[in-house]
Structure formats: C-alpha cells, structure tokens
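Take a look at the structure set out below.
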Amino acid sequence: MRKEFLDLGRQPIANKFLKEDEYEGEFFYDLKVIFDEDTKLVSLKDFVKPELMFNEDYAYNTSMSYPMVKHFELTANMLKEEFNPKTVLEIGSNDGPFIKNFDTETSICVEPCENFAKKTTDMGYRSYISFWDTDVSHGIKEIHGEMDLVYAANCICHIQNLDECFAAVNNILSEDGVFVFEDPSLLRMLERGSYDQIYDEHAHIFSVTALNNILINNGLTIFRVDNLSVHGGSNRIYVARNRPVEFSVAENKQREYDFGINNFQTYEIFAERVRKSKKDLVELLTKLKGEGKRVVSIGATSKSTTVFNYCDIGESLIECITDTTPDKQGLLAPGSHIPVVDRESVNLNDYDYAFLGAWNFKDVIANKEREFVENGGKFITHVPEVMVFS
Ligand code: TMP
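By this note's numbering, the letter at position 38 of the sequence shown is numbered 1225, and the numbering carries on one by one without gaps.
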C-alpha cells in the first residue's frame, strides 16, 4: 500500500532554466511523496513525463563540477582494478566524465539527452540516444553482446519503472558481470533533513532495503554497498546474479532498520521537520530583508528549485544565484525566476549573506569564498537545519 507523507507544493521542472519569454507556458506539477508499505520504496506520488525533464535542453553538465569529475575518475579506476571488465555500458552517461576512463572500442553509452550523447559520440564512444528500457537493452546486446560492467550514476533513481529497468540490466549483464549504480541515500536524507533531494527527476529516493526487495524480484542480488559523501550522501550499490554477499549489505540494512525506515511514522516525523525548515528559512530571509541585508545564493541546483518553490522564495528575498555552469547563466531559475549569473560577474563582497543552494559542496565553496567571509560575509544553509555560519 502506498501512503503519502509529504507535500512540497507546486513545482516546476527542476533543471529547466528559463529565458524571460518562457515564463508564460512554464510547466508546474504537484510534488508529493509516498512510502510503499510493501517494498519500503519512497517515490514521488505522480511522476513527471521523462521527455519534459531529459531532453536536448538538459542543463546539468557533470563535467562542469570538478569534484564530480574527480569522483568518477576514482570510481572508474577502482572498478577497472577490481572487476577488470572487457565490456562496459553506462546508463545516463551525461557528458562522459565516467566513460572517458574506459576504452572507446569496448564501451557503450546510453543517454536520452541528445546534447550529451553528441559529446560522448565526439569523444569516440558508441552513444545511443535513448531512455533505458528492455527494447534498448535487447538491441544493444544484439549488436555489441553482453556487458561485464553496467554502470549508472545518479540515473537509476530517475527511472520510474524499476522492474523494467532491472529486467533490462539482467538481460545484458554477462554471467559474472556486475551492475554498479550510485544514487542519493534515503537514510542520509532523513538524517539530514535534506528534503531538497526530492524533485521531479528523483522518481525514487533509494534505501538499500527497498532496492534489495525490488532487485531480488528481478533475479539480481546486492552484494556490496559503499557509503559515499557525494550529492549530500549517496550509496554505491553493487549488484550481480551470484556473488557472495558481503557484510556491508547487512550493515546498511541494519542501520536503516534502526533509524526506522520501515515505519511510516518515521516519514511523518520527517515531514514535520520539513515544514519547520520552511518556516525557519522564510523567517530568517524576511528578517534579513527587513534589516536591509543583501542575499545571494551559490549553486543553481535542482535542489534549490525545490527549496525556493516550496518556501515561495523569489527575487525579493534572494537577489540572484551564481553558478559555474555556462548553460545556466543568463537564465532565470525555474519557478522562482531568480536570475542566474556567472560567479565571475558578481562581487560577493556586495552581499551580506550567501545561501548555499549547493550545500553538498559546502567545504569546496567555503574554501573558494574565503575573501567573502574575511569581509564579514556569512553563509546560510538549511541542512541539517536553518542556520547562519561563517
Ligand atoms: P549539484 O549539487 O546538483 O551537483 O549541482 C551543483 C551546481 O552548483 C552546479 O550547477 C555547479 C554549481 N557549482 C557552483 O556554482 N560553484 C561551485 O563551487 C560548485 C562546486 C558547484
């Protein structure tokens, strides 16, 4: 049985940055979250049509995020060393920061956003412009054979029909092949109160417990889990048909159990915390505005789309958002219509406070923006609770 526990209000497409003339037809949907008592999976109540989110306008270039590029290089090297795959398939290959560490002859990309598929094609990889499903899996297997490593980062949680997704993986995985994927962790989200992990693209927020339940039904088993710090706390899940299950799987499931992820009441408590976070953030920003303080935001993230729209924060409370991604600059943030500008075009010292839209890069940003703090600037974050720090 599916039970709703959180309503984050009307929300736009989280990564759809707008030109001024695009205000009119902006798409909004109801962002509500449910818990499935049977599988223990947390999902959006109503999914957004994938084509509205993942298309040639998709503005998230992983390669623009230096820490993520480094992360994928280390991940690729680790997987090569441990599993020595002869064939590699990446689902949701974005602009190639993971796959570029593998041989062009034996590696395949599947990516629905044409702009990114073109980039990996230019890098020499066979790139299929497609969503991941059983048809594509059969088609690729026919042409390229089975895959020893199937990898996906921040992508499987985007896929609405998980049974179809895992059946498609099972179809193409070689006998001893491994399927490795990483996505934000439900436990970390609940612990941290980081409700902004919830947005249109994240059709599900995964626990190891729920994944285990769903994968087993599809003939696959989790044999290892790595806890990662990226994206505010992610899990890397290692899946195969028949490998010995390592201790990390039971350990993670136990931690989830101890936190109460199997109980609906845990989600009701989380929802209460989210409502308090909204109240605290709006009160703080309104007070600062009353005192004539100027506030900027750093990182035009999908996460900040959720926060600004749920909290009804617009340009009157946060003047602009800086972001290092050229494709986002000069546009307006979804729903809130706060202008997104190049970090280089802004003198941060003109502002009193900087909200961390990219709170997951808090240390990187605090380190880069030391001068802002030395000049009296302060940061605002809402994770794990609304606070000011410098
Ligand atoms: P993410 O949290 O979804 O990875 O997105 C991070 C966004 O923040 C991305 O658009 C790049 C941007 N960013 C900055 O503007 N400044 C920074 O120092 C870092 C690390 C990221």
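Don't be surprised by glycine CBs; every beta carbon is placed ideally from N, CA and C.
Close CB contacts of residue 1379 within its chain, under the 6 Å cut and outside five residues either way in sequence, are with 1570 and 1571 (chain order). At a Cβ-Cβ threshold of 8 Å, residue 1538 and residue 1517 do not count as neighbours. Straight across, the Cα-Cα distance linking residue 1294 with residue 1280 is about 11 Å. Here the distance from the Cβ of residue 1278 to the nearest heavy atom of ligand 1 is not below 7 Å. The DSSP assignment places 1373-1379 and 1395-1403 as complete runs of the alpha helix (DSSP H) inside the segment 1369-1412, in order along the chain (cut-off: 4 residues). Rounded to the nearest angstrom, the Cβ distance from residue 1415 to residue 1366 is 17 Å, too far for a contact under 8 Å.
Residue 1575 and residue 1409 have their alpha carbons spaced roughly 40 Å apart. Residue environment for residue 1287: buried (at least 16 other C-beta atoms within 10 angstroms of its C-beta). In this structure, 1228 is the residue among 1199, 1217, 1228 and 1212 with its C-alpha nearest to the C-alpha of residue 1448. Residue 1498 and residue 1506 have their alpha carbons spaced roughly 15 Å apart.
At least one heavy atom of ligand 1 lies closer than 7 Å to the C-beta of residue 1485. Only residues of its own chain outside the window of five on either side were considered, and among them 1542, 1543, 1546, 1549, 1574 and 1576 have a CB closer than 8 Å to the CB of residue 1568, listed in chain order. With a cut-off of 7 Å, the C-beta of residue 1493 is classified as distant from ligand 1, since no heavy atom of the ligand falls inside that distance.
About 5 Å separates the beta carbon of residue 1492 from that of residue 1521, a gap short enough to meet the 8 Å contact definition. The three-state reading of DSSP puts residue 1500 in coil, since its state is none of H, G, I, E or B. One alpha carbon belongs to residue 1327, the other to residue 1249, and they sit about 25 Å apart. Contact between the segment 1385-1393 and the segment 1434-1444 is absent: fewer than three C-beta pairs spanning the two stretches fall below 8 Å.
In this structure, residue 1412 places its C-beta atom within 8 Å of the C-beta atom of residue 1422. With a cut-off of 7 Å, the C-beta of residue 1510 is classified as near ligand 1, since at least one heavy atom of the ligand falls inside that distance. As far as DSSP is concerned, residue 1553 takes part in no beta bridge. If you check the CB distance, residue 1458 and residue 1193 come in under 8 Å.
In the DSSP annotation of this structure, the continuous segment of the alpha helix (DSSP H) that includes residue 1352 starts and ends at 1349-1359. Contact between the segment 1294-1304 and the segment 1268-1284 is established, with three or more Cβ pairs separated by less than 8 Å. Taken from the Cβ of residue 1551, at least one heavy atom of ligand 1 lies inside 7 Å. In this structure, the C-beta of residue 1226 stays at least 7 Å away from each heavy atom of ligand 1.
The C-alpha of residue 1382 lies about 7 Å from the C-alpha of residue 1376.
Residue pairing of residue 1523 in beta bridges, as defined by DSSP: absent, with no partner found. Taking 8 Å as the upper bound for CB-CB distance, residue 1208 and residue 1219 are not in contact here, some 30 Å apart.
In this structure, residue 1442 has its CB at a distance of at least 7 Å from all heavy atoms of ligand 1. Distances between the C-beta of residue 1547 and the heavy atoms of ligand 1 include at least one below 7 Å. By the neighbour-count criterion, in which 16 or more other beta carbons inside 10 Å mark a residue as buried, residue 1393 falls on the buried side. Not a single heavy atom of ligand 1 lies less than 7 Å from the C-beta of residue 1324. By the C-beta density criterion, residue 1325 is exposed, having fewer than 16 other C-beta atoms within 10 angstroms.
The C-alpha of residue 1466 is placed about 34 Å away from the C-alpha of residue 1238.
Look at residue 1251: its beta carbon is less than 7 Å from one of the heavy atoms in ligand 1.
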